[in-house]
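First to last, the sequence lines map onto chains A and B. Each residue of the first sequence is one higher than the one before, counting from 261 in this note's numbering. Each residue of the second sequence is one higher than the one before, counting from 64 in this note's numbering. Virtual Cβ for every residue (Gly too), placed ideally from N, Cα, C. In what follows, a structure is listed as structure tokens, so that the remarks can point back to it.
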Amino acid sequence: MRKPGTVPVLEVEDLQTVFLTDAGAVRAVDGVSFTVGPGETLGIVGESGSGKSVTALSLMRLLEEPARIIGGSVRFQGRDVLAMSGEELRGWRGDRAAMVFQDPMTGLNPVIRILRQVTEHMVSHGRQTPAKAKLRAVDLLRRMGVAAPERAAASFPHQFSGGMRQRVMLAIGVANDPLLLIADEPTTALDVTIQAQILDLMRGLNQEFGTAIVLISHDLGVIGTVCRRVAVMYAGEIVEEAETAAVLTDPRHPYAWALVNAVPRLDSPAGTRLVSIEGGPPSALDPPPGCRFVARCPFRISRCGAEHPPLMEVAPGRRARCWVTMDGSPLPPPPVAAEAAFRTPAQEERPLLEGKDLVKHFPLGRIGLFGPVPVVHAVNGVDLRLRRGEALGIVGESGCGKSTLARLVTRLQAPTSGTLEFDGQDITNFSAAEMRPLRPRMGMVFQDPYASLNPRMTVGDALAEPLLAHGRARTRAEARGRVLDLMATVGLKPEWAQRFPHEFSGGQRQRVSIARSLALEPDLVVADEPVSALDVNVQAQVLNLMLDLRERLGLSYLFIAHDLAVVRAFCDRVAVMYLGRIVEEGPAHELFARPLHPYTVALTSAVPEPGRERVILAGEPPSTLSLPTGCAFRARCPIAQPVCAEVRPPLSDVGPGRRAACHFPGTFHA
Amino acid sequence: MPRYIATRLLSAVAMALLASLVVFLISALVPGDPVLAQMGDIAASNPRTVLEWRAKWGLDLPLWERYGIFLQGLAHGDLGISIATRRPVLDDIVQYAPATVELATIAFLLAIGVGIPLGIAAAVWRDTWVDSLARALSLLGVSAPTFWLAFIMLAIFYGWLGWAPGPGRMDPIAFPPEGPTGLFLLDSALAGDWEAWWDAAAHLVLPAVVLAAATIGLITRTTRAAMLDALGQDFVRVARAKGLRGRVVVLRHALPNALVPVVTLGGLAYANLLAGAVMTETVFSWPGLGRYTFRSAAALDFPAIMGITLVVSATYLMVNLLVDLSYAALDPRVRR
């Protein structure tokens, strides 16, 4: 820990921030204290609404109405930040302390050139002359891994991908060599391989320049790759503070325990039930008198409901806010994973869904009056077989064509070429009317449960709608029984049928979407990123529910996700997509244990789990406007050979049940 | 970009022609006879005279032929002869347009110059007295009827306080400045006649304020809303986190992102000011296109109405093109 005698960069003492609402003061941050020494790294983790982002904004005094700091102190190298005048605050912000925000797509001003956005605060803080600031900006961009930094500096933000923009944001953050960098979910909007690049960059900043880092994330894995220490927040309080590695292996607060065990890991067995805690955080308007986690805690004792636990030292260097572990005892390991019966679907049966050489191209607007028509090559020849009762996962980074594939197989869009069979029928060229009788047999679950539910319809009506539309019920009253069944199936209370979508939490809304997809008793459920908008605990609930339904109803799933561990936990078979093609396919457990394609190797190693050998993949996927010759992955491939540029490797058998599209499968290891 | 402009200009010409066709058909189909509107009761009671008149103005020809003649003239820059004034319509328009252009331009500058800063101030000091004042002013501007506002302003500032001159473009006994543009402010400045300039400027104040009132209200509201939106964006928070001054955050980071809707509205407003000054021009005896339009419409003066339609629609189309081009200047994402 800190060397004695050095002044800490940041000392937060009993910080209290409230939102002043008509109903009263919402205590978003309620007595948070921590210390960050020079060059130290601290992570803050918690679910949405836990107060972690408000804490970050409070540190920089960037809160907006109606949020207000009502107590405590924030000291930066001994200076009282909360007492600074407006002028002092401006001189300090962006100079000694910098902040990087979550969404790089909206964090850069779209109408100002990159160069000016990187240099303006160097000049305004008097650190550089305009001429020197320009040189330094280009140098910073180069160090952050921006390709062709001079040209990049002269460009506007919209010409860059999200990953590149986050590099620019980091360059802006460190432009004045700050002593402290606060990063609020800096990689949440990015793909895993890009996330790994950015996290690597942050580690480098800390090691090279000794910049102290406060990293805020909902993902303990992300924090584990950058931060030595972590503070776990729940309902506005820090409930545990310790070395990150210690929390990951031996959490001492039940909430931290639930966080750690709610996340599927790449090495957890297929069909693993995840630990999920029911309910939500208590009202921040009027928190309960005892422990704030008591209502959801599986380990609670009688003292927990009556007395509010303080943050106590439970082991050397670690503190937890829990009556159960105050004596230094660890929490028990999670219940042994009830392994789902692994079914081997009958081989001889004809597949439920079979796609051959599916292609989908989207022509864009013509360039100029007689110019060429650019074409987005979204899906470029995909073979797909889904057997009855099987769960096939499709993984890949954004833009790899996985969502387009989902819309093709459900015939929401027509393929440009190729053939598609559903239960033996060739539906490649079916019209909307011909598809209609098949629709009840295909359920869909989308990423954003709020956007896909009509806000003006009660949940009961939303669930009755497909029943009425497909003639399964003639009146609302007739549909009612089935609606209540459906709600019970997904664990919603029957009296909630009269509620509107906004009255539900994110996880409950996703349950409604799942119930709707099941309304017509489908054979196939296509789920496009069904859990990626949810907190880890809610994600665990929804995944558990989907696993249950799969066993109880014998559903087949096409499960699309970017999170490998989620796919690993849910699917029998996995296909990895890159630039509109499947590059590797195989049984989930084998594919992740022994990836054959170098891209799969990089993807699995980019998953932020502690102790994982990391392959940081350079660059980003090429443009879908013009496909590269040969292997699409070769530009980023660590083992590319001349042949890769000439011959496109076909997806061919590489062992029992495994296929890979690589000239040298299995030769690259992390 | 040049190709884009050429395409847009071509389509603008087509649109203007289409507008003239629509107006032609409507004015030909409405009940009412321009001949009867022109003639005295006695002359109108003689069917022969009426027929002769109709033949003289070509009103006896089939519709399509009349439109053909109009187009033919148009190709030679000839908008026909006004039935009411017996002068070429083009000459009439050239005579009346400058007064309106001058008034509308000053009103437009006033609306922009007051509306945008007021809107910015209202957004920056949201929910303070500044915001309340700006909102009250814009509500007043939007909802006060023009004729009422015009009379009130005249009564107070001319009749009671005597601070402003009366109606008209100049003092009745002064000589209007000679000049190439017909815009008195410009012509007198070019001639170095500052006495005339002051006279013209003083006469412009009241009608310009009256004409601009509604537009000031609209621009204030739009600017306020767009600025609130821009100030809530992530990049504004990033700018604050960089430790930039408030002025820089508002004017350099937020304002350029708020201008697109304001420019859209501004363009439309300018075209509206040019075409819609009828009420103001009437109350202030302003010899402009608004009054000419009103007189032509009352007299069912077809050629004049057609000519005005063409000019007005061409103005709208030009202003729209300028607005679209300005998007590219404001927002790099629109640039090709």
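- Less than 8 Å separates the beta-carbon of alanine 666(A) from that of aspartate 788(A).
- For isoleucine 561(A), the number of other beta carbons within 10 angstroms of its own is below 16, and it is reported as exposed.
- Within the stretch 134-162 of chain B, no residue has a Cβ lying closer than 7 Å to any Cβ of chain A.
- Taking a Cβ-Cβ cut-off of 7 Å, the neighbours of threonine 366(A) in chain B comprise Gln296, Asp297, Phe298, given in sequence order.
- Between proline 438(A) and alanine 316(A) the beta-carbon gap is near 14 Å, outside 8 Å, which marks them as no contact.
- Taking C-beta atoms under 8 Å as the contact rule, leucine 395(A) and alanine 443(A) fail to qualify, at a distance of about 26 Å.
- Listed by position along chain B, the residues whose Cβ is nearer than 8 Å to that of proline 370(A) are Phe298, Asn320, Asp394, Pro395, Arg396.
- With contact defined as three or more Cβ pairs closer than 8 Å, the stretch 454-472 of chain A and the stretch 490-506 of chain A are not in contact.
- Taking the C-beta atoms as reference points, isoleucine 899(A) is found no nearer than 8 Å to glutamine 457(A).
- Within the same chain, Cβ atoms closer than 6 Å to the Cβ of proline 868(A) are found at Gly481, Val482, Thr485, the five residues on either side in sequence being excluded.
- A straight line joining the alpha-carbon of leucine 652(A) with that of isoleucine 454(A) spans about 25 Å.
- Around the beta carbon of histidine 923(A), a 10 Å sphere encloses 16 or more other beta carbons of the protein chains shown; the residue is thus reported as buried.
- Taking CB atoms only, arginine 339(A) has no neighbour in chain B less than 8 Å away.
- Contact check for tryptophan 349(B) against arginine 189(B) fails: the beta carbons are separated by 8 Å or more.
- Annotation: histidine 266(B) has no Cβ neighbours in chain A at a cutoff of 8 Å; minimum Cβ distance is about 40 Å.
- Alanine 167(B) has its alpha-carbon roughly 10 Å from the corresponding atom of glycine 351(B).
- For valine 326(B), not one C-beta of chain A is nearer than 8 Å to its own C-beta.
- Aspartate 363(A) reaches chain B at Asp297, counting residues in chain order whose Cβ is nearer than 8 Å.
- Here DSSP, grouped into helix, strand and coil, assigns glutamate 567(A) to coil.
- Using a Cβ-Cβ cut-off of 8 Å, methionine 320(A) is close to Ala304 of chain B, given in chain order.
- Assigned with DSSP and collapsed to three states, threonine 448(A) falls in coil, not helix or strand.
- Residue contact with chain B for arginine 350(A): present (Cβ-Cβ distance below 8 Å to some residue of chain B).
- Taking C-beta atoms as the reference points, glutamate 845(A) and arginine 919(A) count as a pair closer than 8 Å.
- Contacts with chain B (Cβ-Cβ distance below 8 Å) from the stretch 425-444 of chain A involve Met429, Ile432, listed in chain order.
- Valine 205(B) places its beta carbon less than 8 Å from that of leucine 281(B).
- When Cβ-Cβ separations below 8 Å define contact, valine 193(B) makes no contact with chain A.
- The CB of arginine 308(B) comes closer than 8 Å to the CB of Arg350, Ser384 in chain A, given here in chain order.
- Not a single unbroken stretch of the beta strand (DSSP E) spanning 3 or more residues falls wholly within the stretch 719-767 of chain A.
- Taking a contact to require three or more Cβ pairs closer than 8 Å, the stretch 165-183 of chain B and the stretch 275-292 of chain B qualify as touching.
- For glycine 386(A), no beta strand (DSSP E) run applies, since DSSP gives it neither H nor E.
- In this structure, the alpha-carbon of arginine 303(B) lies about 41 Å from that of cysteine 897(A).
- Below the 8 Å Cβ cutoff, chain B contributes Arg303, Ala304, Lys305, Gly306 as neighbours of arginine 353(A), in chain order.
- In chain order, Phe294, Ile304, Ile498, Glu501 place their CB closer than 6 Å to the CB of alanine 491(A), counting only its own chain and leaving out the 5 sequence neighbours on each side.
- In the structure shown, histidine 266(B) falls within a helical segment according to DSSP collapsed to helix, strand and coil.
- Here leucine 534(A) is near alanine 522(A), since their CB atoms are less than 8 Å apart.
- Using a Cβ distance threshold of 8 Å, valine 272(A) and valine 334(A) count as a contacting pair.
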